[in-house]
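> What follows is a single structure, and I will ask about it in a moment.
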Amino acid sequence: MITSFLLAILLSPAGLYAQTPAQPVDPYQAALVQLKDKNPMVRRQGADALGQLRRPEAIPALLPLLKDESPFVRSIAADALGFLRAPAAVEPLGNMLTADKEVGPRQSAATALAYIADPSAIPALMTALDKDPAMGVRYAVVRTLGVLRSAAATPALVKAMKDSDVGLRRAATASLGLIQGPDAVPALQEGLGDSEVSVRFEAVKALGAIADPASLPALKSVLGDADLNVRLQAAQALSRMGDASGLGAAVSAMNSKDANARQQAAAVLGMSGDAKTGLPALDKAFAAEADPVTKSVLDSARVQIRSRLGLKAAAPPAAKTKPAAPAKTPAGAKTKPAAKAQPARKVGK
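Numbering (the working numbering), first residue to last: 102 to 450.
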């Protein structure tokens with residue numbers, strides 16, 4: 102009776118349905134369903150999932166979320182559209198950047214525009230840099246303007262270099278180094294005298310990237326900077342411009358306790374070192390170096406300087422071999438005299 106009863110249940114529609122394996126859920130379709138949920142946290146999860154899936158067909162479904170009532174949903178939707186490099190999102194993201202009342206969505210919009218990298222967003226970005234009161238938004242804008250590498254952003258970034266916030270000055274200086282516009286050279290030269298070390302470092306780096314010969318005197322003046330990293334960055338910039346004025350700073354840095362400083366100094370010597378000073382300094386540092394990574398960098402610099410100067414690599418010193426010691430006779434042992442040579446026998450005819 103029990104067996105028949107169970108068999109009847111299994112053969113019934115309900116029993117068959119219960120035994121049917123569950124169908125796999127399509128994460129893309131599931132995310133689309135989440136976008137329509139009443140709970141903003143569920144909508145946020147759906148937008149995040151669509152961004153992670155990187156499927157461009159999700160763009161039309163994500164665009165309306167830039168006007169969602171929840172700032173969290175708007176932020177994640179902006180992030181997702183940035184990940185998808187959605188050209189259709191440039192204008193609405195620009196509007197969000199300049200008009201949204203919440204800081205989070207504005208900052209997400211600025212970052213998303215960096216991923217999309219469309220120059221048409223530059224006016225909105227410069228407006229936000231000039232007027233947005235939130236420092237986080239302005240940081241994101243400055244970084245995005247650097248990524249876009251548009252000369253049109255140079256005036257706004259030059260203005261940001263004079264901001265009272267150290268982080269913003271540093272970020273603006275770094276972005277000008279990415280753009281590499283000659284119009285930024287005067288402001289970058291002025292940045293060499295900034296009270297903040299990180300700003301001076303980025304200014305030297307940017308001037309080295311632009312490589313304007315007019316910057317040579319300014320870069321040489323930085324060789325006396327109080328910070329070692331700034332001095333080495335100036336020496337490296339000068340070397341790339343064909344000027345060996347920074348060799349003294351590089352040779353001195355070979356004695357630094359900082360491995361990174363020794364590596365950067367080696368790079369300078371490899372680019373512009375000479376046979377009289379640069380190569381001996383590298384050889385000496387190579388012999389004394391204990392860090393394997395730095396030792397490899399030093400060796401590469403030695404190869405570079407020899408190749409550049411047309412010098413042959415020094416032959417390794419020949420190993421000295423000691424003459425074999427004569428075998429010792431044990432104490433008290435008698436030695437046999439050498440056997441006398443026997444006359445040769447005559448062979449009869």
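We put the CB at the ideal spot given by N, CA and C, even for glycine.
Comparing C-alpha positions only, which one of Ile177, Pro172, Ser209 and Glu170 sits nearest to Leu163?
For the purposes of this step, residue 163 is identified with residue 62 of the sequence shown, where counting begins at 1. The shortest Cα separation from Leu163 among Ile177, Pro172, Ser209 and Glu170 belongs to Ile177.
> Suppose only complete runs of 4+ residues qualify. What are the alpha helix (DSSP H) ranges in the segment 153-191, listed by chain order?
160-163 and 172-184
> Would you kindly work out how many angstroms separate the C-alpha atoms of Gly152 and Phe302, rounded to a whole number?
For the purposes of this step, residue 152 is taken as the residue at position 51 of the sequence shown. For the purposes of this step, residue 302 is taken as the residue at position 201 of the sequence shown. Rounded to the nearest angstrom, the two C-alpha atoms are 36 Å apart.
> Please work out which residues of its chain come closer than 8 Å, Cβ to Cβ, to Val352, disregarding the five sequence neighbours upstream and downstream, and give them in chain order.
Sequence index remark: in the sequence shown, residue 352 carries index 251 (1-based). These residues qualify, in order along the chain: Ala366, Leu370, Thr378, Gly379 and Ala382.
> Consult DSSP for Leu136 and reduce its assignment to one of helix, strand or coil.
On the sequence shown, residue 136 is found 35 positions in, with the first residue counted as 1. Look at Leu136 here: in three-state DSSP terms it is coil, with no helix or strand label.
> Rank Ala335, Val267, Arg144 and Asn356 by C-alpha distance to the C-alpha of Gly347 and give the top, closest one.
As a first step, residue 347 must be located in the sequence shown, where it is residue number 246. If we check each option's Cα against that of Gly347, Ala335 comes out closest.
> If we cut at 8 Å on Cβ distances, does Ser251 have a partner in chain B?
The question asks about chain B, but that chain is absent: this structure has only one protein chain.
> Work out the CA separation of Gln364 and Lys260 for me, nearest whole Å.
Position 159 of the sequence shown, counting from 1, holds the residue named residue 260. Position 263 of the sequence shown, counting from 1, holds the residue named residue 364. The straight-line gap from Cα to Cα measures roughly 35 Å.
> Is Ser373 helix, strand or coil when you go by DSSP?
Residue 373 sits at position 272 when you count from the first residue of the sequence shown. Of the three classes helix, strand and coil, the one that applies to Ser373 here is helix, per DSSP.
> Once DSSP output is grouped into helix, strand and coil, what is the label at Gln281?
Here residue 281 is taken as the residue at index 180 of the sequence shown, counted from 1. If DSSP states are grouped into helix, strand and coil, Gln281 belongs with coil.
> If you run the structure through DSSP and keep just helix, strand and coil, what is Ser276?
Position 175 of the sequence shown, counting from 1, holds the residue named residue 276. Ser276: helix per DSSP, three-state reduction.
> To the nearest whole angstrom, what separates the beta carbons of Val300 and Val267, a pair I think is in contact under 8 Å?
Here residue 300 refers to the residue found at position 199 when the sequence shown is read from its first residue. Here residue 267 refers to the residue found at position 166 when the sequence shown is read from its first residue. With a Cβ gap of about 7 Å, Val300 and Val267 count as contacting.
> Give me the residue from Asp326, Gly349, Gly247 and Gly325 with the minimum Cα distance to Ala78.
Coverage of the chain is limited to positions 102 through 450, which leaves residue 78 absent and any answer about it impossible.
> Look at the alpha carbon of Val286 and the alpha carbon of Ser276, and state the distance between them as a whole number of angstroms.
Taking the sequence shown and counting its residues from 1, the one referred to as residue 286 is at position 185. Taking the sequence shown and counting its residues from 1, the one referred to as residue 276 is at position 175. Straight-line Cα distance between these residues: approximately 13 Å.
> Alpha carbon to alpha carbon, how far is Glu297 from Ser265?
Residue numbering aside, residue 297 sits at position 196 when the sequence shown is read from its first letter. Residue numbering aside, residue 265 sits at position 164 when the sequence shown is read from its first letter. Each residue's alpha carbon lies about 11 Å from the other.
> Under three-state DSSP, which class holds Thr255?
By one-based count along the sequence shown, residue 255 stands at place 154. In this structure, DSSP gives Thr255 a helical state, which the three-state scheme calls helix.
> Can you check which of these residues, Ala391, Asp392, Ala402 and Ala376, is closest to Leu412 by C-alpha distance?
The sequence position of residue 412 within the sequence shown is 311, counting from 1. Comparing Cα positions, the closest option is Ala376.
> Mind checking Val305: buried by the 16 CB within 10 Å criterion, or exposed?
Stepping through the sequence shown from its first residue, residue 305 is reached at position 204. Buried, because 16 or more other Cβ atoms sit within 10 Å of the Cβ of Val305.
> Express the C-alpha separation of Pro220 and Val211 in angstroms, rounding to a whole number.
Residue 211 sits at position 110 when you count from the first residue of the sequence shown. Residue 220 sits at position 119 when you count from the first residue of the sequence shown. Sequence check: residue 211 is Ala here, not Val. Answer to the nearest angstrom: the Cα atoms are 13 Å apart.
> Apart from the five residues on each side of it in sequence, which residues of its chain come closer than 8 Å, Cβ to Cβ, to Arg270?
Your numbering for residue 270 matches position 169 in the sequence shown. Cβ neighbours of Arg270 beyond the five flanking positions: Ala261, Met262, Lys263, Asp264, Gly292, Asp295, Glu297 and Val300.
> Does the Cβ-Cβ distance between Ile280 and Ser251 come in under 8 Å?
In the sequence shown, residue 280 corresponds to position 179, counting from 1. In the sequence shown, residue 251 corresponds to position 150, counting from 1. The answer is yes: Cβ separation under 8 Å.
> Taking the CB atoms as reference points, tell me whether Ala272 and Tyr240 lie closer together than 8 Å.
Start at 1 with the first residue of the sequence shown, and residue 272 comes out as number 171. Start at 1 with the first residue of the sequence shown, and residue 240 comes out as number 139. Cβ atoms of Ala272 and Tyr240: closer than 8 Å.
> Helix, strand or coil for Lys263? Go by DSSP, reduced to three states.
Sequence index remark: in the sequence shown, residue 263 carries index 162 (1-based). Correct three-state label for Lys263: coil.
> Report the three-state DSSP secondary structure of Val243 (helix, strand or coil).
Within the sequence shown, residue 243 is the residue found at index 142, counting from 1. Val243 falls in the helix class under three-state DSSP.
> So, helix, strand or coil for Ser346, using DSSP?
Indexing the sequence shown from 1 puts residue 346 at position 245. Here Ser346 sits in coil by DSSP.
> How many Å lie between Arg156 and Tyr216 at the Cα?
On the sequence shown, position 55 is the one that residue 156 refers to. On the sequence shown, position 115 is the one that residue 216 refers to. Approximately 15 Å between the Cα atoms of the pair.
> Can the beta-carbon of Ala200 be found less than 8 Å from the beta-carbon of Leu249?
Translated into the one-based positions of the sequence shown, residue 200 becomes position 99. Translated into the one-based positions of the sequence shown, residue 249 becomes position 148. Not in contact: Ala200 and Leu249 (Cβ atoms no closer than 8 Å).
> Take Arg245 as the anchor and find which of Asp233, Asp231 and Ile223 has the nearest alpha-carbon.
As a working mapping, residue 245 is identified with position 144 in the sequence shown. Note that residue 245 corresponds to Thr in the displayed sequence, not to Arg. Relative to the Cα of Thr245, the nearest Cα in the group Asp233, Asp231 and Ile223 belongs to Ile223.
> How many angstroms separate the CA atom of Ala229 from the CA atom of Val242?
Here residue 229 refers to the residue found at position 128 when the sequence shown is read from its first residue. Here residue 242 refers to the residue found at position 141 when the sequence shown is read from its first residue. Cα to Cα, the separation comes out at about 7 Å.
> With DSSP collapsed to three states, give me the class of Lys89.
Here the chain covers residues 102 to 450 and nothing more, so residue 89 does not appear.
> Measuring only the C-alpha atoms, how far is Pro234 from Ala253?
By one-based count along the sequence shown, residue 234 stands at place 133. By one-based count along the sequence shown, residue 253 stands at place 152. Their backbone Cα atoms lie some 22 Å apart in a straight line.
> Taking the Cβ atom as the reference point for each residue, do Pro128 and Leu166 lie within a distance shorter than 8 Å?
For this step, residue 128 is matched to residue 27 along the sequence shown. For this step, residue 166 is matched to residue 65 along the sequence shown. Cβ atoms of Pro128 and Leu166: not closer than 8 Å.
> Identify, in the order they occur along the chain, each residue of the same chain with its Cβ nearer than 8 Å to the Cβ of Gly349, setting aside the five sequence neighbours on each side.
Taking the first residue of the sequence shown as position 1, residue 349 is located at position 248. Here the set comprises Leu324.
> Figure out for me which residue from Ala132, Lys168, Ala131 and Val174 has the closest Cα to the Cα of Pro141.
The residue labelled residue 141 in the question sits at position 40 within the sequence shown. Of Ala132, Lys168, Ala131 and Val174, the residue nearest in Cα terms is Val174.
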